[in-house]
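Below: one structure, written as structure tokens.
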């Protein structure tokens, strides 16, 4: 850690900072510049709190120089992690598209969706049985019954299922009912109690980015899961909140190269929630794969205009098929396979 | 609801929208302008989903004209709600300052804090036993044992206690241990499962604004609590996330007059988390009360430099006393009392 | 325009709004819903100011239903505009990459850059003689002398030149010295005096998006240029400002499909300024073309580590060549040509 | 400057950084920690560019430890600067309210406004003759003729005038016509050519904050003016752009204590543009003064509903009078005078 003192800091204030550092078992090195004095703390700086040091008299700024995350950091684990989802690989050279409807509605809707997903060459299926909705008066999902419908329809096409966990009390039932990948949604990215619980199981977890979460906070949220023992983590960018009002969110494609550099874990993108309109999805999906993403979460619905939620953002079966063909070609330019 | 059609919309597309509106049991009125056709849906528009309508061919935009929230809206309940916390009133002409340390640490720290809080003329005490922390490696609070310490120290000074609930599984124990006001933190503002549960009890709830939650989302989160039956809700602005990096968050003082217009429920501000530095607190606290806030959450610590968390933002006992005097004078200019 | 009245609006207030609309020569239609009254203004609503109407008693909200921009809107001009830059087409099926150094430094640097740009198959060259810098103490560009150096080096390779205009008083000299495309930078997107002046000439203009400009404001800025008579306008997305601090800006790739829908004018992206680091450029550049952009502005420098400004974001000659090959392949998947 | 090397940096890379620092005439000190090596550059680090250093191989991060601004920094000039506007002091213990209409419209409107401003006890008058408008089709102000009207009306009440300069070519005429304070608007905060020109004259300048300008960029913009020789600079916060859509901007009251710490120059707030609605103005104005601002820019109009621009945000004469009384009382609590 580096502590920069105020221009007017006294020797007594400098000594006080050095004492605090030594109290924690670290060493201190002092370097006097022309305008300011800088103190370096040598040792495992993760135990020093920069805010505490900044509250000491005469301190201008305290900065960590090592990253606050460790298990998820590429700095400590150089090779790409490849997540295995019932035999389907995600990461490294392997790209996976995950598709399906926003909400589970009826058995026939799910059967049609599963068939369309399979027919388009997609290997993993998504669907929501529990829906986090801004309004208490909106449709909240059909619950565990929906999970059964979903599993049955997907299994008939041999597709592993991805679904969102909202409530820590549901985790055991999710596992019993055969959920293959647990999704942690945007609003729960910093629901630390939920993160701790999914850290204790071994099923892969898709961790969506919070609406205004920084890359560093997102990596720390993954570190919560990883530190519990579950290293099967997939980051999912799904649009961030900005000042722009012409579209729902801004898909942050820069997060892809940055995360790939910071972490060894795979990174996927959800272009459907990012843009919020079906007509934007092909453009955003292509951009995501061209940027180097390891996969996508794409909403599709057999009959989008009749969907019970987020109707506006689901593409239909034929659009999914065309998209898969474009994405496969882009992947091959990058020496990857879908 | 108002539906604006594209300039190039066909009569068939217009008829299709009208059919969808009538299917839901509402009436439709059509108004043809020079450039565009506008359709109005007449009836209880809350059952119409603007996103669904926008996905229909030929529709440019669909807009709600009634507010999506109802119980919390001033439109439907004109007088100020006054929340009663063990006999201390908050709302209307009554301003309450709530103060105490960020974290519960030791019995002697809590006893000293409670005495200082009382001595400054403050009537309600805050303290955290469970702490939501960005890093899994940071101090996470001392848990239920801390809650007991806190209740004991506060009761000795006859101060009701305010503390944060992180985990839905802790609610019963919180009530058993005598928590007087439950705080829902920033990261949980849209943890809908937690909101539903606190909606079922009757203890007052402080609902902090999410880091990048809009006023409308915040009101809807309160509507989750209210629709469960608990109308003792206090909004707490605590700084929003913006592009600015010189301070932790931007305290959104404009939220005060806007919320006071939109809702009958009380609105308080947390200047300590907003700014993130103790030296900013007096300035921000005065601004909050001058803007019309119904109260404050202010961090104080008997010995700030030794605090276990967020040291940098706690003021000390003497600063709290000075601040209380300034705030009391500002309140009286506005014909209110602290 | 649609005016939504408050639930409690009186008949007198409704009549007053109708009078104001009629005063402006428009017609009014009134539609009484169950909860609220809505008034429609029929005629050329561009002359009504929503803010003025919202200041009238009893008005909840006033909304334009026609777009505020007209010349640049696809609504009024359906085919893609193709900008012709000395015989090189940009727009429609034609993609153009524009490359070169951030700053003009020396004749030999510019000669080397021009050769590398040409060798990579790029047809247009960029370079800055006047630099807008955050600090008055930073290098501000070498001025008109640099413009001469740039023009000479580029002409030797038969490359039209693109350069930024900072000062309205420089416009004539820019044209005399043979600038082929004028760039209006981020900080000047709403320098309306500058926009009005470039609207009077006929040289193509690249209009960069303001750091936090909405799509609508950006289109209106282009309308300033277009309403002066210059319709050779190219939009350039270059990263927006958000809460994220891990990278300089967030490249807003969603702006591409959205602008392509709203305007007939071409849209390019500057991945170098967006990310701020050379290692991000290939990933972001591929994403931009895959999303449907009509071109790119890419910084390259013959010897990046010796660059006088923005060193960190320039790729070198060999990286440019590799990138051009990838982009050409992606373009062909989309049936376009580079 | 501090340069933090990557964990995997080689000795050769470290030596290369040291060479670059020495090339610039500074000294280097190396400090090897357990995980990383840190290099300090000793001397006048303002000549080192952190981005250049970060582009060198093996460098993780380069950080300035001295502030990039100097003339405007309190670090180098501890006492408050008091700006003298024709005998009226602004800064130190002196608070000034500046009021008047958004736009100059007619001689009678300006005469009525000047009388109302004077009657409320306000000592400085504002008004716009040239208006920066988002749309080229909106009213752009009545120009120099309006300036004459404004000066005449204000002089009759002995009020110095404050008005916005949009075009560098207008500066001389502004001075000839007796403009007492030049306002640089939000959209021109980084119009560096304009800043350089107002830096050459001696009339006080109100520098409004850019819509999404950081505190540091704002201070650097002031440094542009100051480095030209004009030190009569007044900062004006006027609301920043965020994700919130319920109000026009977010008034950043935290900027007040932060700027007062960073700079010796005065800081005022414009609550009218910040909120965008007249009914918010009293609340925001009180908050600004309570936070420690040195003054306000408040829009007032003799007949707001007839205003030609920004009607919705102007208060009327009687509201201004009431507000002045509240503000005077708040100022006296802080031992200041209005």
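Residue numbers (our numbering), protein chains in the order written: chain A, 10 to 347; chain B, 10 to 347; chain C, 10 to 347; chain D, 10 to 347. Idealized CB from N, CA, C, for every residue including glycine.
Residue pairing by DSSP puts residue 245/A in a beta bridge opposite 217/A and 277/A. In this structure, the CA atom of residue 119/B is about 7 Å from the CA atom of residue 113/B. Annotation: Cβ neighbours of residue 256/A in chain C (cutoff 7 Å, chain order): 263 and 267. Between residue 276/D and residue 243/D, the alpha-carbon positions lie close to 6 Å from each other. The residue among 42/C, 304/C, 339/C and 338/C with its C-alpha nearest the C-alpha of residue 75/B is 42/C. For a cut-off of 8 Å, the C-beta gap from residue 232/B to residue 141/A is around 15 Å, too long to register as a contact. Per the C-alpha coordinates, the member of 106/B, 169/B and 103/B positioned closest to residue 188/B is 169/B.
With a minimum length of 4 residues, the unbroken runs of alpha helix (DSSP H) contained wholly in the region 188-238 of chain D fall at 201-207 and 224-236. Rounded to the nearest whole angstrom, the C-alpha separation of residue 133/B and residue 95/B is 10 Å. One Cα belongs to residue 10/A, the other to residue 86/D, and the distance between them is close to 30 Å. When 68/A, 210/A and 122/A are compared, the shortest CA-CA separation from residue 21/A is found for 68/A.
With a cutoff of 8 Å on beta-carbon distance, residue 104/A and residue 270/A are scored as not near each other. Where residue 124/B is concerned, the enclosing alpha helix (DSSP H) starts and stops at 116-128.
Neighbours of residue 250/A in chain D, taken as residues whose beta carbon is under 7 Å from its own, are 252 in chain order. Proximity of residue 313/C to chain D, defined by a Cβ-Cβ separation below 8 Å, is satisfied. Cβ contact annotation for residue 266/A (same chain, cutoff 7 Å, sequence separation greater than five): 300 and 301, in chain order. Close to chain C, meaning a Cβ-Cβ distance shorter than 7 Å, are the following residues of the region 140-164 of chain D: 141, 143, 144, 145 and 146.
Ranking 279/D, 314/D, 183/D and 262/D by CA distance to the CA of residue 216/D puts 279/D first.
Only residues of its own chain outside the window of five on either side were considered, and among them 156, 172, 174 and 191 have a CB closer than 8 Å to the CB of residue 183/B, listed in chain order. Listed along chain C, the residues sitting closer than 7 Å to residue 75/B by beta-carbon distance are 44 and 45. With fewer than three CB-CB distances shorter than 8 Å, the region 285-300 of chain C does not count as touching the region 222-241 of chain C. Here residue 64/D is near residue 321/C, since their CB atoms are less than 8 Å apart. What residue 84/A touches in chain D, judged by beta-carbon distance under 8 Å, is 16, going in chain order. Secondary structure remark: continuous beta strand (DSSP E) runs of at least 3 residues inside the region 51-124 of chain C, in chain order: 68-72, 92-94, 97-99 and 105-109. With respect to the 8 Å criterion, residue 309/D and residue 110/D are classified as neighbours on the basis of their beta carbons.
For residue 259/A, the nearest CB of chain C lies under 8 Å from its own CB, placing it at the interface with that chain. Taking the C-beta atoms as reference points, residue 307/D is found nearer than 8 Å to residue 106/D.
Residue 45/A carries a coil assignment under DSSP once its states are collapsed to helix, strand and coil.
Between residue 241/B and residue 249/B, the beta carbon gap of about 25 Å keeps them out of contact (Cβ cut-off 8 Å). The three-state secondary structure of residue 261/A, taken from DSSP, is strand. 219/B is the residue among 219/B, 101/B and 152/B whose C-alpha sits nearest the C-alpha of residue 199/B. Annotation: the continuous beta strand (DSSP E) that includes residue 135/A extends over 133-135. CA-CA distance, residue 28/C to residue 53/C, rounds to 16 Å. Residue-level contact by beta carbon holds for residue 177/D and chain C, with a gap shorter than 8 Å. In the three-state reduction of the DSSP assignment, residue 152/D falls in the coil class, being assigned neither a helical nor a strand state. Across the structure, residue 39/C and residue 70/B are spaced so that their CA atoms are roughly 20 Å apart.
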